[in-house]
Amino acid sequence: MTVTTANSEFDPYLTAIIANRIDGIVREMTNTLLRAARSAVINSARDFSCAICTADNQLLASAEGLPIHIFGSHMLTAAMTDRHAGDLREGDCYLHNDPYSGNSHAADHAFLVPVFIDGEHLFTTVAKAHQADIGNSLPTTYMAQARDQYEEGALIFPAVRIQRDYKMNEDVVAMCRSRIRVPNQWYGDFLAGIGSARIAERRLKELCSKYGKETIRTFITNWMDYSEQRMIQAIKKLPKASVVRSGAHDPLAGLLPDGVPLNVKLSIDPDNSIIELDLRDNVDNVPCGFNESEACVTAAVFSGVFNSIDPTVPRNAGSFRRLGLHLRDGSVAGRPAFPHSCSLATTNVADRLINITQSAFATIGDNFGLAEGGIGMGAGTGVISGKDHRLGNEPYVNQLIVAAAGGPGSPTADGWPNYALPVVAGLMYRDSVEVDELKHPLEFQYIRILPGSAGAGKYRGSFAVEVSYGPKGQPMDALWPCDGTHYPPKGVRGGEDGIKAQHWKISANGEEEELPNVVITVLKKGERVRGNTTSGGGYGNPLERDPRRVLKDVLDGFETIERARDVYGVAFIGSVTTNDLTVDIGATEKLRARAAA
Amino acid sequence: MAYTISVDTGGTFTDVIVADTRGLMTIGKALTTRDRIFLGMREAIEAAADQLEISFFELLGQTTLLIYGTTRATNAIVTKTVAKTAFVTTKGFADTLLFKEGGKFNPHDFTQDYPDPYIAKRHTFEIEERMNSEGQVSVPFNTAQARHIAESIRDQGFEAVAISFLWSIANSDHELRFARILDEVAPNVPYTLSHQLIPIVREYRRASATAIDASLKPLMQRHLEGLQHDLREAGFNGELLVSTAAGGCSNVEALIDKPIYTVGSGPAMAPIAGLTFSALESLGNDVIVCDTGGTTFDVGLVRDGNLTYTRDTWLGPQYTGDLLGISAVDMRSIGAGGGSIAWIDEGGLMRVGPQSAGAEPGPACYGRGGTLPTVSDAAVVLGYFDPDYFLGGRMTLDAGAARRAIETVSSRLGSTVEETAYRIIHLAGEFMMRAIGDITINEGVNPRESTIVAGGGAAGLNIMLIAKELGCESVVLPKVASVLSASGMQFANIVAEETASVVSLTNRFDKDKVNATLAELKDRLEAFRRALGERGKDYRIDYYAEARYLGQVWELDTPLASGSFAGQGDIDALVNAFHEVHERVFAVRDEGSPVEIVNWKARLTAKIASREAPNVARMAKTDASPSAIRQCFFGTATPVSTSIYKPDDLGLGAVIKGPAIVEEPTTTLVVYPGMTATISSAGNYLLSLA
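Line by line, the protein sequences give chains A and B. Quick note: the first sequence, position 502, residue 501 per numbering that gives the first Met the number 0, numbers continuous. Quick note: the second sequence, position 172, residue 171 per numbering that gives the first Met the number 0, numbers continuous.
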């Protein structure tokens, strides 16, 4: 089956019009899912994405979704067309969360609706959302220590039909209700996901009836070609280069004493406008939840590329034609060997791969690539659960999103404070402290920037964020699989590394116990956790930073006078307390000349 | 004769409408004078007085009501000329204004710095105190430390103070204690308390609104009192009201107290105009209001005769700007208009905007040195704008420059200049359509069942194309289209709103607590109403729950039948009302889920009495005869003979068949081939796709 036409002249006007319409459809999907969803992980953290694929399983459009979700959408739809070949029809909807047949990780439930125009399958709409719970053996969707997929424990749906003729398969609903914690919350998200995929179905039918199926086929061809052309132009602006860049995920006590070493070979060929990414030189799958799924490893390194080129290049199968990817079967950063667990595939190793890829670009020259961004989901993004004494001990479980790791310095800008993770890149919303305290029986002591923590640079990373909280009534389980407590994000081109994440448990009498990176703990009333995220790495030599930027950070208390002098080579006249602090230009020049010598 | 004057002072122009007791409207326009608003206002009123053939002083002396809309606050925020403001908050949460609520558009764009918070960290002060979510003291208020901070604020010369503590909405004691210290230590420094201005859950929203409000207090007090003084000096003895973002107007005292409500108040008047004109022309209560200027396109909604409200109005870009937080009329603004630039991108795709030629240098046809092809240049090339009679002859356009500009694009496309220009007009409309799509989808409104009311100087160029694409059958271009907001003010009522945050669940509903809350909201509004005197006689109070299914994050405004809950029946009615709202907006309902009410809201609407239906018709004739024929292009290679009408050519009930162009002094209406425009009995243009 082919949905495109071979001979179609590029129409720069009609292509623009229809692209805008398709984009509008994905926006409507996004809005529907965002606002109708029940769990905070979707409606507050925006941990979901919507996309449209063609019937021959090419990613067509994706609007503002998370790259880690979207870039593999076509693998999901391929699983649907393969498994149900000959038995797909209008009114169907499929649930897919199997990391071994195209999904990111089991916690992402994807809703797939094949769209039929005059009886012909032309598109598949994809609404994917991270669930608050998926029935794992522990109350978390991130099972760092799961030996394999069986220990992980989620219900797996490899493109399972959940609707036929627009009617629900209630058996699947009953299965999920029997296994998933807080089933009403899950069911609300389930309805929102289907609603989102169905809205797009309706709108695509309207679009095709307006323009005619042939025009839409022509558009698909043109849009893919156009996107490829944009990618060609973007690659032509890069120098020819071949770089091997390495990094590592943190150790995991008892299992991975040295962590997970990672290598990406990046080859840029501007003459032929091709970027090759070779990940074959990586270790075998590991006996815990850190393995990448094929969808995630693809999305991660592609994200690293898109972060390093013109940000307006469309992200779809057309622009992907110019990206070559080489993976190895059975590798932690390749195609996983069953039944290894991919529970953390969307975050930990994926975050490292994005960082390694974008910082590989930085090695090829000034004005290319990015520093490494902050990593690790610590206390500020922990999963909390327990019983709410205020509501008759009703159970609760949710992931907090209150403290985000700092963003990377770039060739033109400082890192952003709400960056969170490379896979999130600032798209996620933060929880309101008040809403979290209202919904869960806990109290925060602080959520604040940790001064002096940014990876220094000509453009610095963003700061680490400190957080502290504890339960108000019944004991509270807190879980998080943090990265970055051993290996911090790296600076590039002379920029400093970011700082490491650290966490402590504080007893009722004030004793502090440092926690490991992967935490499964119970906090009793009076106890609390405190900790900090990683900060972003700096881009370029701190001695080249505009002294006015340094002054501003000092005035706001984000940097100290000492670090300004010692790291940035900036001297001041006056003082913060007397409100007359200014840059001492002469002394700054001397300091910088001496440091450079 | 008694007059009502409405004044909309924009960044560039001051628009005035003078209405007499018969509802006859006269438009006046002048350049805005930022140093002293009254001067531009006077010039615009004089322009209207001239048409009425009376003097400025006579007109002002006979004016019983003047409604003033201002962008003063908005401009001060944009130009960063607000008061030096201290932000005082709970210890441990000083970065609330920096973190905001997170979110970003493009995950791959790392080229820009993160924007500064509304109030810098160096102007932020942390108080040792903490309330918890149940309103109990978790960290006692440290009076000595608070006093020390109040003294620092005074000594450092702060001009205003924004006070927003965590959970002050559950227990306001600590905010009030800090206020008392401030009263004592710095008695002349104005301040805003978050629990009084905006008692809603979510600390960033409350802090942001509080910071914006406090920062505007000194200047808006000076501004409004200054204007009041100038008007009195000029012999105005009537009543002065000010338009607000809440979709009505209020008295000067109320806005000195809560100046944040003047932010965005101009656009908030457009939906009132939309509703008025749609109802006048018997086109229903569901209205899409569009206002197209040179650089921005604003769109808003009226649903079932009610304005739509949002707490998500951002000053600046969504996510990274500053959130207004108050419940304001939902008007969305995008950068698109006559100045939007057409270009071809690296992949060969045709684009229009988001870059704009702005007012300087402006479109190439303005002859001020602009060379980039804009939507206005396309209109010139197509023959829609008469270069010698633009804006009623007040401006001459450079047709050669327009053509040369469009050629830079057409040569790359390999199509004719006219064909390219026609496509530019269409493509510009795409982004306006998307903005309409976003807001109608959000509210669950079907454009096909709504009426478009179009305003703004550039509206007539493509509103019919947009209507056609949306499948919208009814379109009104009011005679006063170019001053849509000022016309809305003529029909605005006095609106006041009070909110309280008492989080309630319908399955464990504390009826007495909610009733007490609603009664308190009513009492506050009643006190305000009584102070209005005569104006407060004809009024109603509507109650709303900002509600969601348990577990959701985004609330939907749900109307309540009354201001108290008598029994289970009333609670069930609220649940049903919520199901209906949710189904309308999201197409699903969850019958099994309890409904959670986060905020309770009461809105007072005091009717401003004795207003006539708007009537702008001064036409004697009843037919239409064009004063010229011009060759215009409508997408075909060869031009079409097109009838050109001036206002004097048109009579009531006249039907204009496309292709035709109507050249109003402040706007140009293009009637495309196959479409028609009819002059209504009130003198407005009713546009029809067939």
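Don't be surprised by glycine CBs; every beta carbon is placed ideally from N, CA and C. None of the values given here were measured: they were computed from a predicted structure.
Can you confirm whether residue 6 of chain A, when its beta carbon is compared against all beta carbons of chain B, has any partner nearer than 7 Å? With a pLDDT of only 49 at residue 6 of chain A, under the threshold of 50, the placement of this residue in the model should not be trusted, and no figure is reported.
Just checking: is the beta-carbon of residue 551 of chain B within a distance shorter than 7 Å of some beta-carbon in chain A? For residue 551 of chain B, the answer is yes, since a Cβ of chain A falls inside 7 Å of its Cβ.
Buried or exposed (CB count within 10 angstroms, at least 16 for buried), residue 156 of chain A: buried
By the three-class DSSP mapping on this structure, what secondary structure does residue 144 of chain B have? helix
Going by other Cβ atoms of all chains shown within 10 Å of its Cβ, with 16 needed for buried, is residue 149 of chain A buried or exposed? exposed
DSSP three-state assignment for residue 103 of chain A, whether helix, strand or coil: coil
By the 10 Å Cβ neighbour count, where 16 or more other Cβ atoms means buried, how is residue 144 of chain A classified, buried or exposed? buried
If you measure between the beta carbons of residue 160 of chain B and residue 85 of chain B, is that distance less than 7 Å? Contact flag set, yes.
Distance cutoff 7 Å, beta carbons only. Does residue 433 of chain B sit that close to anything in chain A? yes
Distance between residue 17 of chain A and residue 1 of chain A (C-alpha atoms, nearest Å): With a pLDDT of 43 at residue 1 of chain A, under the threshold of 50, the predicted position of this residue should be treated as unreliable, and no value is reported.
Is residue 3 of chain A close to chain B, meaning its C-beta is less than 7 Å from at least one C-beta of that chain? With a pLDDT of 49 at residue 3 of chain A, under the threshold of 50, the predicted position of this residue should be treated as unreliable, though the coordinate-derived value follows. False, the Cβ-Cβ gap to chain B never drops below 7 Å.
Consider the Cβ of residue 15 of chain A: report whether some Cβ of chain B lies at a distance smaller than 7 Å. Output row for residue 15 of chain A: interface = yes.
Does chain A have any CB closer than 7 Å to the CB of residue 150 of chain B? no
Identified DSSP bridge partners for residue 130 of chain B: For residue 130 of chain B, which the question treats as bridged, DSSP gives the partners B/136.
Per-residue DSSP class, three states only, for residue 28 of chain A: Helix.
Determine whether the Cβ of residue 444 of chain A lies closer than 7 Å to any Cβ atom of chain B. Chain B contact via Cβ: present.
Is there a Cβ from chain B that is less than 7 Å from the Cβ of residue 376 of chain A? no
Inter-residue spacing [alpha-carbon to alpha-carbon] between residue 482 of chain A and residue 283 of chain A: So the two alpha carbons sit approximately 20 Å from each other.
Mapping DSSP to helix, strand and coil, what is residue 626 of chain B? coil
Cβ of residue 170 of chain B within 7 Å of any chain A Cβ: It does not; no Cβ of chain A falls within 7 Å.
Which residues bound the alpha helix (DSSP H) around residue 568 of chain B? Residues 567-585.
Among B/288, B/531, B/654, B/573, the one whose alpha carbon lies nearest that of residue 603 of chain B: B/531
Taking the alpha-carbon positions, what's the residue 72 of chain B to residue 43 of chain B distance? 21 Å
Nearest to residue 638 of chain B by CA position, among B/592, B/412, B/381, B/430, is which residue? When only C-alpha atoms are compared, the closest one is B/381.
Assuming residue 126 of chain B contacts residue 95 of chain B under a Cβ cut-off of 8 Å, what Cβ separation, rounded to an integer in Å, is found between them? In this structure, residue 126 of chain B and residue 95 of chain B do not form a Cβ contact; the two beta carbons are roughly 13 Å apart against a cut-off of 8 Å.
Closer than 7 Å to chain A by CB, residue 61 of chain B: For residue 61 of chain B, the answer is no, since every Cβ of chain A falls outside 7 Å of its Cβ.
Could you compute how far the alpha carbon of residue 249 of chain A sits from the alpha carbon of residue 569 of chain B? Roughly 57 Å separates the two Cα atoms.
Under the rule that 16 or more other beta-carbon atoms within 10 Å means buried, what is residue 153 of chain A, buried or exposed? buried
Of the choices A/58, A/263, A/390, whose alpha-carbon is the least far from that of residue 220 of chain A? A/58
Is there a Cβ from chain B that is less than 7 Å from the Cβ of residue 358 of chain A? Contacts with chain B at 7 Å (Cβ-Cβ) do not include residue 358 of chain A.
Mind pulling the chain A residues with CB within less than 7 Å of residue 107 of chain B? 305, 306, 310
Which residues in the same chain as residue 138 of chain B place their Cβ atom closer than 7 Å to its Cβ, once the five residues preceding and following it in sequence are excluded? 127, 128, 129
Do you know offhand how far residue 227 of chain A's Cα is from residue 276 of chain A's? 17 Å
Inspect the beta-carbon positions of residue 625 of chain B and residue 642 of chain B and report whether they are closer than 7 Å. yes
Quick check: what's the CA-CA separation for residue 360 of chain A versus residue 537 of chain A? Taking the straight line from one Cα to the other gives about 15 Å.
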